[in-house]
Amino acid sequence: MQKSLEGKIGRVDDMLERRQEARRLTENTRVNTLLLSSMQQSAAVREADLEEAYEAGEHFRIEQEKLAAARRREAQQRQEVKESVVRNAEKEREWRRRHQAVVAEQAA
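Here the sequence shown stands for residues 5 to 112, where the numbers follow the working numbering.
Right under this line is the structure:
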C-alpha cells in the first residue's frame with residue numbers, strides 16, 4: 005500500500021511539475037508574443053520613418069533641382085542682358101558715328 009501511495013504521489017508530483025512547466029511555457033509564449041508584436045510595431049514605425057525620410061529627401065532633391073534650374077535661368081537671363089547691353093552700345097556708337105558724319109557733312 006505504501007508503494008502504491010508513493011507511486012500515486014510521484015505521479016501527482018510529475019503531473020504538477022508538468023502543469024507548472026506548461027504554465028511557464030504558456031507564460032513564455034505570451035511574453036514572446038507580446039515582444040514580437042512590439043518588435044513588429046517598432047519595425048513598422050521605423051519603416052514609416054524611413055519612408056518619410058525618403059520622401060523628405062526626394063522633396064529636398066526636387067527642390068534643389070528646381071533651385072538649380074532657376075539659377076541657370078537667371079544666369080542665362082543675365083547673359084542675355086549683358087549681350088543686349090553690348091549690342092545697344094554698339095548701335096549707339098554706330099548711330100553717333102553716323103550722326104557726326106551727317107553733322108560734319110552739313111557743316112561743310
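Just so you know, even glycine gets a beta-carbon here, dropped at the ideal spot from N, CA and C.
Nearest-angstrom Cα distance between T33 and M5?
41 Å
Once the 5 residues before and after N92 are set aside, which same chain residues still bring their CB inside 7 Å of it?
none
Straight-line gap, S88 to E67 (C-alpha atoms, nearest Å):
31 Å
Proximal residues to S42 (C-beta, below 8 Å), its chain only, five neighbours per side dropped
none
Between the CA atoms of A48 and L113 - distance to the nearest angstrom:
As displayed, the chain neither begins before 5 nor continues past 112, which places residue 113 out of reach and without an answer.
Quick one: grab the DSSP three-state call for A123.
Lying before the first or after the last residue shown, residue 123 is absent from the chain, which here runs from 5 to 112.
My output table needs one value for M19: the three-state DSSP class, helix, strand or coil.
helix
Go ahead and pull the three-state DSSP assignment for M5.
coil
Roughly how many whole angstroms lie between the Cα atoms of E96 and R82?
21 Å
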